[in-house]
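Chains as they are written, first to last, in our numbering: chain A, 128 to 509; chain B, 564 to 687.
See below:
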């Protein structure tokens with residue numbers, strides 16, 4: 128209602144306007160918040176399929192003979208071990224171990240990687256990668272974001288829709304035969320597209336990286352192919368409720384510079400054992416702090432909270448013992464469309480983090496009962 | 564956002580509407596309902612409760628956010644819309660009709676806007 132006209136326009140902006148989307152300002156972009164109904168879009172992704180414009184995400188190409196060694200140094204993961212046409216969820220940390228951003232890295236070429244950063248952190252990640260690349264001779268770091276569009280098809284019907292899409296040729300291999308977290312080259316109307324079996328919804332699904340001018344045609348081709356498969360365009364509001372149910376962190380909520388991967392329950396992405404071919408440990412930015420953190424008793428733990436009442440806990444609300452004593456803070460929360468009750472993620476003290484623990488959330492001055500539950504809240508049937 | 568504002572109603576800057584006179588029916592505008600998204604929970608005052616104009620008297624919660632309900636009038640609640648409490652989506656689908664929230668015996672009103680004034684405000 129207020130600032131929806133501000134920000135960079137997606138290459139799909141005209142499609143969103145034509146579809147009647149409510150637009151919102153997000154990380155400097157003007158993006159679709161919803162097209163019709165948050166719940167309808169959310170439910171479509173759970174039961175059929177949703178079409179998302181994610182062109183606000185940052186795409187950074189890292190290439191050159193030293194690319195893998197550079198990423199091993201710049202990121203917490205072991206990217207030199209990432210297979211060709213594989214994808215990996217990883218993070219870039221500060222020297223003190225704080226999370227600068229969470230990333231997906233695709234090894235779509237033998238000797239080059241595509242690093243996908245959150246829109247809100249794109250500039251920071253690009254700057255960090257360029258700075259960290261200075262000690263490597265044969266690395267190139269190129270920002271591909273301005274000319275790259277990203278479209279996602281997510282949901283149980285996603286594969287059928289992708290196979291039925293006019294003009295989309297899977298000449299690099301059948302993405303349906305690939306595992307989750309794989310990527311393959313394809314073409315759309317003869318132009319190259321990178322297809323990845325990744326997503327942020329808790330459903331099977333695919334993400335398509337392509338040159339921005341081609342995006343509207345692919346978007347329309349998906350909508351046409353998806354019509355008989357229940358595909359609907361879905362906005363950022365549904366994206367947020369879907370990732371919350373799937374227990375996936377959102378930078379700025381569950382992750383920030385004061386949080387380590389371990390705090391968020393994601394210590395597994397920190398590869399302290401990564402080593403060179405001759406067995407020497409690989410140094411990486413944040414290593415010393417994260418080694419310490421790995422061995423230490425955590426001061427906070429990320430948990431799932433199931434609301435026992437109807438009022439939802441929201442980002443920033445205090446988590447308390449049932450008697451009101453503060454022991455944590457909510458990072459994300461909403462009424463879950465799939466489960467029909469409120470859910471939240473929160474940082475709490477380790478001693479109150481066991482599933483089954485009864486806690487409360489101060490919801491605008493009134494304590495609402497919640498219970499610690501395992502994450503994710505929702506897991507798709509396979 | 565296309566909204567046809569009923570011209571017979573009064574409005575507030577906090578996006579409530581109310582009928583002229585007393586008792587008065589009160590609800591939220593289509594602009595407010597659209598901004599909230601799918602409404603999933605209403606917390607409304609009880610019948611018999613005394614309302615003060617401008618005071619927070621309830622909450623309207625959607626998947627995306629939550630908004631407080633301000634009373635546009637002072638008076639006594641004589642009825643709440645139980646069917647809207649049971650199925651709050653009616654506030655999205657029919658905000659000026661079946662999605663009404665409260666009926667109040669009005670003793671005085673707070674600052675009110677005409678439909679034209681509210682349209683100008685909510686367009687800005």
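Think of the CB as a built atom: it goes at the ideal place given N, C-alpha and C, for glycine as much as any other residue.
- Measuring C-alpha to C-alpha distances from residue 141 of chain A to each of A/158, A/424 and A/154 identifies A/158 as the nearest.
- Proximity to residue 299 of chain A across A/292, A/341, A/320 and A/316 peaks at A/320, based on C-alpha coordinates.
- Sequence-distant Cβ neighbours of residue 503 of chain A in its own chain, meaning closer than 8 Å and more than five residues away, are 329, 372, 373, 374, 375 and 431.
- Contact of residue 439 of chain A with chain B by beta-carbon distance below 9 Å involves 603, 604, 624, 626 and 629.
- In this structure, residue 229 of chain A lies near residue 382 of chain A, with their beta-carbon atoms less than 8 Å apart.
- According to the DSSP secondary-structure assignment, residue 251 of chain A is paired through a beta bridge with no residue.
- The bridge partners DSSP lists for residue 212 of chain A come to none.
- For residue 640 of chain B against residue 609 of chain B, the beta-carbon gap comes to about 7 Å, under 8 Å, which counts as contact.
- DSSP places residue 509 of chain A in no beta strand (DSSP E); its state is neither H nor E.
- Scanning the stretch 350-428 of chain A for uninterrupted beta strand (DSSP E) segments of 3 residues or longer gives 358-360, listed from N- to C-terminal end.
- With respect to chain B, the C-beta atom of residue 259 of chain A has no partner C-beta closer than 8 Å.
- Under the Cβ distance rule, residue 673 of chain B does not count among the residues neighbouring chain A, no pair being separated by less than 8 Å.
- A distance below 8 Å separates the beta carbons of residue 220 of chain A and residue 412 of chain A.
- Less than 8 Å separates the beta-carbon of residue 497 of chain A from that of residue 440 of chain A.
- Contact of residue 489 of chain A with chain B by beta-carbon distance below 7 Å is absent, the smallest such distance being about 14 Å.
- In this structure, the alpha-carbon of residue 419 of chain A lies about 19 Å from that of residue 199 of chain A.
- Using a Cβ-Cβ cut-off of 8 Å, residue 180 of chain A does not count as an interface residue toward chain B, since no Cβ of chain B sits closer than that to its own.
- The residues 157, in chain order, have a CB closer than 6 Å to that of residue 136 of chain A in the same chain once the five nearest residues on each side in sequence are set aside.
- DSSP places residue 434 of chain A in the strand class (E or B) of the three-state scheme.
- Contact between residue 417 of chain A and residue 390 of chain A fails: their C-beta atoms lie close to 11 Å from each other, not under 8 Å.
- Secondary structure note for residue 166 of chain A: its alpha helix (DSSP H) is the uninterrupted segment 165-174.
- Within the same chain, Cβ atoms closer than 8 Å to the Cβ of residue 256 of chain A are found at 187, 189, 201, 219, 242 and 268, the five residues on either side in sequence being excluded.
- Taking 8 Å as the CB threshold, residue 459 of chain A stays off the interface with chain B.
- Within the stretch 585-602 of chain B, contact with chain A at the beta-carbon level (separation under 8 Å) is assigned to 594, 597, 598, 600 and 601.
- In this structure, the CA atom of residue 581 of chain B is about 15 Å from the CA atom of residue 596 of chain B.
- If only uninterrupted alpha helix (DSSP H) runs of at least 4 residues are considered, those enclosed by the stretch 251-291 of chain A are 285-291.
- For residue 166 of chain A, the nearest CB of chain B lies under 8 Å from its own CB, placing it at the interface with that chain.
- At a C-beta separation below 8 Å, residue 305 of chain A has no neighbours in chain B, since its nearest C-beta there lies roughly 33 Å away.
- Contact between residue 331 of chain A and residue 285 of chain A holds, with the beta-carbon distance rounding to 6 Å and staying under 8 Å.
- Burial is judged here by how many other beta carbons sit within 10 angstroms of a residue's own beta carbon; residue 145 of chain A has fewer than 16 and is exposed.
- One finds 626 and 627 in chain B with Cβ atoms closer than 9 Å to the Cβ of residue 368 of chain A, taken in chain order.
- Secondary structure at residue 141 of chain A: helix, using DSSP grouped into helix, strand and coil.
- The beta carbons of residue 634 of chain B and residue 664 of chain B sit about 10 Å from each other, so the pair does not count as a contact at 8 Å.
- According to the DSSP assignment, residue 240 of chain A belongs to no alpha helix (DSSP H) but to the beta strand (DSSP E) extending over 239-244.
- Residues of the stretch 451-480 of chain A that bring their beta carbon within less than 7 Å of a beta carbon in chain B comprise 461, 462 and 464, in sequence order.
- Boundaries of the beta strand (DSSP E) harbouring residue 336 of chain A: 332-338, taken from the DSSP string.
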